[in-house]
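Asker: Those sequence lines, one after another, are chains A and B.
The number in the numbering used here is simply the position in the first sequence, starting from 1, with 98 added.
The number in the numbering used here is simply the position in the second sequence, starting from 1, with 1 added.
Even glycine gets a Cβ: it sits at the ideal position worked out from N, Cα and C.
Would you mind keeping the following structure in view while I ask a few things?
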Amino acid sequence: MILLDRVTKTYNRRGPALERISLHVEPKEFVIIVGQSGAGKSTLFKLLTREEKPTSGKIIVGGMDYDKLKDKDIPLLRRKIGVVFQDFKLLNNKTVHENVAFALEIAGLTSGEIKHTVPKVLDIVGLKGKESHYPLELSGGERQRVAIARAIVRQPKILIADEPTGNLDPKHAWDVIKVLEKINRFGTTVLLTTHNQDIVNTLKRRVVTISEGQIVSDRAVGQYKAS
Amino acid sequence: MKSRKAVALERVVKNGIVSFGRNVWLAIAAIAMMGITLTILLFAVVANATFSHTIDDITSHIDVSVYLKDTVGDKQRDNLITQLKRVDNIKSVDYVSKEAALKIYRAQNADNPDLLAAISETSNPLPASLSIKPLDPNRLEDIKDFLEKPSIAALQSDPTSYSGDRKAAIDKITRATHFFEQAGVVGIIIFVIISMLIIFNTIRMAIFNRRDELVIMRLLGATPWYIRGPFIVETIVYGIVAAVISLIICAGLFAVASSTLQASSLGLLDIKYSSQYFTDNLVLIISLQITAGIIIGAASSIVATRRYLRINK
Numbered sequence: 099m100i101l102l103d104r105v106t107k108t109y110n111r112r113g114p115a116l117e118r119i120s121l122h123v124e125p126k127e128f129v130i131i132v133g134q135s136g137a138g139k140s141t142l143f144k145l146l147t148r149e150e151k152p153t154s155g156k157i158i159v160g161g162m163d164y165d166k167l168k169d170k171d172i173p174l175l176r177r178k179i180g181v182v183f184q185d186f187k188l189l190n191n192k193t194v195h196e197n198v199a200f201a202l203e204i205a206g207l208t209s210g211e212i213k214h215t216v217p218k219v220l221d222i223v224g225l226k227g228k229e230s231h232y233p234l235e236l237s238g239g240e241r242q243r244v245a246i247a248r249a250i251v252r253q254p255k256i257l258i259a260d261e262p263t264g265n266l267d268p269k270h271a272w273d274v275i276k277v278l279e280k281i282n283r284f285g286t287t288v289l290l291t292t293h294n295q296d297i298v299n300t301l302k303r304r305v306v307t308i309s310e311g312q313i314v315s316d317r318a319v320g321q322y323k324a325s
Numbered sequence: 002m003k004s005r006k007a008v009a010l011e012r013v014v015k016n017g018i019v020s021f022g023r024n025v026w027l028a029i030a031a032i033a034m035m036g037i038t039l040t041i042l043l044f045a046v047v048a049n050a051t052f053s054h055t056i057d058d059i060t061s062h063i064d065v066s067v068y069l070k071d072t073v074g075d076k077q078r079d080n081l082i083t084q085l086k087r088v089d090n091i092k093s094v095d096y097v098s099k100e101a102a103l104k105i106y107r108a109q110n111a112d113n114p115d116l117l118a119a120i121s122e123t124s125n126p127l128p129a130s131l132s133i134k135p136l137d138p139n140r141l142e143d144i145k146d147f148l149e150k151p152s153i154a155a156l157q158s159d160p161t162s163y164s165g166d167r168k169a170a171i172d173k174i175t176r177a178t179h180f181f182e183q184a185g186v187v188g189i190i191i192f193v194i195i196s197m198l199i200i201f202n203t204i205r206m207a208i209f210n211r212r213d214e215l216v217i218m219r220l221l222g223a224t225p226w227y228i229r230g231p232f233i234v235e236t237i238v239y240g241i242v243a244a245v246i247s248l249i250i251c252a253g254l255f256a257v258a259s260s261t262l263q264a265s266s267l268g269l270l271d272i273k274y275s276s277q278y279f280t281d282n283l284v285l286i287i288s289l290q291i292t293a294g295i296i297i298g299a300a301s302s303i304v305a306t307r308r309y310l311r312i313n314k
């Protein structure tokens, strides 16, 4: 599903943010990526969503070779990858329903299709009945679940969650993680970054540790100790 | 079912109009400036048409008058007319009899009883004449050569009148028109540039205000056109609104001008003809204004979005 082959990304002046990273993720896998701030996790995600181009190396996601990707293919690529951020990136002037519908509008679905799809997805993330609320009226955990609903509403094969629990208290963090597990059970490949050692150690999933731009460990059932 | 593209286009247009509504206060400066630009453009077009009409009008009144001696008989006169019609550059030759000349004189001096009295006291002193209209008033040499032949000159009571003053007036108007044309073009260019800069800035602010939304759109896989389209639609709406405003201003000005000035003119500008031209060509003028508005609006937002959206990342 995801294949990185000796990928290096160097920003100007500084040393490489990622250096010869090789990673293979199978379909339907749930992979946790851990590492300190600045280790290169965000850069890795930016490479996957094609916000950045690698300096060298090969990236293939869902059968698409990024070297062969044209500018006009990038929007289509992004529609196949769901993304969730630590800061939610919701539109505060739109309701929950509108925020989720936004992703479908961009993809060109008709209003009828959108009306049909959005409630189902909000049900999956446990936000039934909150359709007409605005993000600022919701708790952090609820907001993050709106963001997840928006990310999965187009049924992507891959969901990338970049520190989705970073701003949440433990209870809400677990609500979000449970939703991610549920989505993974439905067959979506999930890539999750987190600092939360409690979550990592309880999930008992594959853990990839990145340090100073390199993969320092990759274990099928990983443990993590935040330093 | 509608295709994905049709749905996307519909949304782009809808989002653009919604965004126009949201930014209308921000857009007022841009719309006002574009309104002024389009008004100037419209005046330039109407003034240009009016000046060329005035020139045509005066040109058509240019004539060469040949005054005949009272002794010239009908036969000699007809002979002369036939010969004249063979001369190059002649459009028409009309005979004005002594009686007709008197009538014209009386009509022209109806408000001057002294002159009328002077005429009626004696027998009719006015000569019969031939009024010659040239095809090209700037080329009277052939006509002049013919009339100066001794045999022809012998028939004339007074020196030939070449409407010399009129020719000078035409030259003056032509020069003035030319000047206005150039000044108009320069003015329009300057105003178009200013409007475009203001629109450019307005769109830049609109992009800045919505930067979060634009980032999210990009990450969710919106195509560049889906992101840019609404901004371009928004400025097209500016253009249409500005065109409508300028048309209302102009229509109002012409209505006021023709009702208060009544068929008179402002210097060289024939107001009556201008407002007639405006009414007669209304459809053409409306299309011109709206097209110009759309082009100015769209061009500036295309540049602004290319410059500030960095959509290809």
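Going by beta carbon distance, what residues of the same chain come within less than 6 Å of residue 138/B, once the five residues before and after it are set aside?
Answerer: Stepping through the second sequence from its first residue, residue 138/B is reached at position 137. So the list reads 60 and 63, once near-sequence residues are dropped.
Asker: Which residues, taken in chain order from the segment 205-228 of chain B, show a beta carbon closer than 8 Å to some beta carbon of chain A?
Answerer: So the list reads 213, 214, 216, 217, 218, 219, 220, 221, 222, 223, 224, 225 and 227, given in the order they occur along the chain.
Asker: How many Å lie between residue 276/B and residue 177/B at the Cα?
Answerer: Position 275 of the second sequence, counting from 1, holds the residue named residue 276/B. Position 176 of the second sequence, counting from 1, holds the residue named residue 177/B. Distance between the alpha carbons of residue 276/B and residue 177/B is about 20 Å.
Asker: Kindly indicate the opening and closing residues of the beta strand (DSSP E) around residue 117/A.
Answerer: Numbered from its first residue, the first sequence carries residue 117/A at position 19. That run of the beta strand (DSSP E) goes 114-123.
Asker: Apart from the five residues just before and just after residue 141/A, which ones in its own chain have a Cβ nearer than 6 Å to its Cβ?
Answerer: Position 43 of the first sequence, counted from the start, is the residue given in the question as residue 141/A. Same-chain partners within the cutoff: 107, 115 and 116.
Asker: What did DSSP end up calling residue 253/B once you bin it into helix, strand or coil?
Answerer: Position 252 of the second sequence, counted from the first residue, corresponds to residue 253/B. It is helical.
Asker: Return the residues of the segment 8-31 of chain B that lie within a Cβ-Cβ distance of less than 7 Å from chain A, sorted by chain order.
Answerer: Within the segment 8-31 of chain B, the residues whose Cβ lies closer than 7 Å to some Cβ of chain A are 8, 9 and 12, listed in chain order.
Asker: Roughly how many angstroms separate the alpha carbons of residue 197/B and residue 303/A, rounded to a whole number?
Answerer: Taking the first residue of the second sequence as 1, we reach residue 197/B at position 196. Taking the first residue of the first sequence as 1, we reach residue 303/A at position 205. For residue 197/B and residue 303/A, the distance between alpha carbons rounds to 57 Å.
Asker: Can you list the alpha helix (DSSP H) stretches of 4 or more residues lying completely in the segment 245-321 of chain A, in chain order?
Answerer: 268-283 and 295-301
Asker: With a 10 Å radius around its C-beta and 16 neighbouring C-beta atoms as the bar for buried, classify residue 314/B as buried or exposed.
Answerer: Taking the second sequence and counting its residues from 1, the one referred to as residue 314/B is at position 313. Because residue 314/B sits at a pLDDT of 48, beneath the cut-off of 50, its placement in the model cannot be relied upon, and the following sentence gives the value as read from the coordinates. When all chains shown are included, residue 314/B counts as exposed.
Asker: Quick one: is residue 109/A buried, meaning 16 or more other Cβ sit within 10 Å of its Cβ, or exposed?
Answerer: Position 11 of the first sequence, counted from the first residue, corresponds to residue 109/A. Exposed: under 16 other Cβ atoms inside 10 Å.
Asker: Mind checking if residue 314/B is an interface residue toward chain A, Cβ cutoff 8 Å exclusive?
Answerer: Position 313 of the second sequence, counting from 1, holds the residue named residue 314/B. Because residue 314/B sits at a pLDDT of 48, beneath the cut-off of 50, its placement in the model cannot be relied upon, and the following sentence gives the value as read from the coordinates. Taking Cβ atoms only, chain A reaches closer than 8 Å to residue 314/B, which makes this a yes.
Asker: Quick one, which of 92/B, 14/B, 54/B and 44/B has its alpha-carbon nearest residue 244/B's?
Answerer: As a first step, residue 244/B must be located in the second sequence, where it is residue number 243. The option with the nearest alpha carbon to residue 244/B is 44/B.
Asker: So, are the CB atoms of residue 188/A and residue 233/A less than 8 Å apart?
Answerer: Locating residue 188/A in the first sequence gives position 90, where the first residue counts as 1. Locating residue 233/A in the first sequence gives position 135, where the first residue counts as 1. Cβ distance < 8 Å, so residue 188/A and residue 233/A count as in contact.
Asker: Let me confirm a value: residue 214/A is counted as buried when at least 16 other C-beta atoms fall within 10 Å, else exposed. Which label applies?
Answerer: The residue given as residue 214/A occupies position 116 in the first sequence. Counting Cβ neighbours within 10 Å, residue 214/A comes out exposed, since fewer than 16 surround it.
Asker: Under a CB-based cut-off of 8 Å, is residue 204/A close to chain B?
Answerer: Here residue 204/A corresponds to residue number 106 of the first sequence, with the count starting at 1. Answer yes: the Cβ-Cβ gap between residue 204/A and chain B drops below 8 Å somewhere.
Asker: Provide the residue(s) that pair with residue 48/B in DSSP beta bridges, ordered along the chain.
Answerer: For this step, residue 48/B is matched to residue 47 along the second sequence. Under DSSP, residue 48/B shares a beta bridge with no residue.
Asker: Tell me where the alpha helix (DSSP H) around residue 151/B begins and ends.
Answerer: For the purposes of this step, residue 151/B is taken as the residue at position 150 of the second sequence. In the DSSP annotation of this structure, the continuous segment of the alpha helix (DSSP H) that includes residue 151/B starts and ends at 151-154.
Asker: Does residue 195/A pass the burial test, meaning 16 or more other C-beta atoms within 10 Å, or should it be called exposed?
Answerer: Here residue 195/A is taken as the residue at index 97 of the first sequence, counted from 1. The residue in question, residue 195/A, is buried, as its Cβ has 16 or more Cβ neighbours within 10 Å.
Asker: Taking any Cβ of chain B, which residues in the segment 149-168 of chain A have a Cβ under 9 Å from it, in chain order?
Answerer: 149 and 150
Asker: Can you list, in chain order, the residues of its chain with a C-beta nearer than 6 Å to that of residue 289/A? Leave out the 5 residues immediately preceding and following it.
Answerer: Within the first sequence, residue 289/A is the residue found at index 191, counting from 1. Only 129 and 258 meet the Cβ criterion.
Asker: Please report how far the alpha carbon of residue 168/A lies from the alpha carbon of residue 274/B, in whole angstroms.
Answerer: On the first sequence, position 70 is the one that residue 168/A refers to. On the second sequence, position 273 is the one that residue 274/B refers to. Distance between residue 168/A and residue 274/B, taken at the CA atoms: about 59 Å.
Asker: I'd like the ranges of any alpha helix (DSSP H) spanning at least 4 consecutive residues and lying wholly in the segment 84-110 of chain B.
Answerer: 99-109
Asker: How big is the Cα-Cα spacing for residue 269/A and residue 227/A?
Answerer: By 1-based counting over the first sequence, the position of residue 269/A is 171. By 1-based counting over the first sequence, the position of residue 227/A is 129. Distance between the alpha carbons of residue 269/A and residue 227/A: 21 Å.
Asker: So, is the C-beta of residue 110/A closer than 8 Å to a C-beta in chain B?
Answerer: Looking up residue 110/A in the first sequence gives position 12. No, its Cβ sits nowhere closer than 8 Å to a Cβ of chain B.
Asker: Measuring straight from C-alpha to C-alpha, what distance separates residue 295/A and residue 262/A?
Answerer: As a first step, residue 295/A must be located in the first sequence, where it is residue number 197. As a first step, residue 262/A must be located in the first sequence, where it is residue number 164. C-alpha separation (whole angstroms): 14 Å.
Asker: Assess contact between the segment 79-88 of chain B and the segment 125-139 of chain B, defined as three or more Cβ pairs (one per stretch) separated by less than 8 Å. Is contact present?
Answerer: Per the Cβ contact rule, the segment 79-88 of chain B is in contact with the segment 125-139 of chain B (3 or more Cβ pairs under 8 Å).
Asker: Determine the chain D residues that contact residue 177/A at a beta-carbon separation under 7 Å, and present them in chain order.
Answerer: The structure shown contains no chain D; its protein chains are A and B.
Asker: Using a 10 Å radius around the Cβ and a threshold of 16 neighbouring Cβ atoms, would you call residue 183/B buried or exposed?
Answerer: Numbered from 1 along the second sequence, position 182 holds the residue referred to as residue 183/B. Exposed, since its Cβ has fewer than 16 Cβ neighbours within 10 Å.
Asker: Going along the chain, which residues of the segment 233-265 of chain A sit with their C-beta nearer than 7 Å to a C-beta in chain B?
Answerer: none
Asker: Mapping DSSP to helix, strand and coil, what is residue 317/B?
Answerer: Residue 317/B is absent from the structure shown; chain B starts at 2 and stops at 314.
Asker: Give the interface partners of residue 323/A over in chain B, defined as CB-CB distance under 8 Å, in chain order.
Answerer: If you number the first sequence from 1, residue 323/A lands on position 225. In chain order: nothing, as chain B lies at least about 32 Å away.
Asker: Assign residue 216/A to buried or exposed, taking buried as 16 or more other Cβ atoms, counted over all protein chains shown, within 10 Å of its Cβ.
Answerer: Within the first sequence, numbered from 1, the residue matching residue 216/A stands at position 118. Per the 10 Å Cβ criterion, buried.
Asker: Measure the alpha-carbon distance for residue 161/B versus residue 67/B and round it to whole angstroms.
Answerer: By 1-based counting over the second sequence, the position of residue 161/B is 160. By 1-based counting over the second sequence, the position of residue 67/B is 66. Between residue 161/B and residue 67/B, the C-alpha separation is close to 5 Å.
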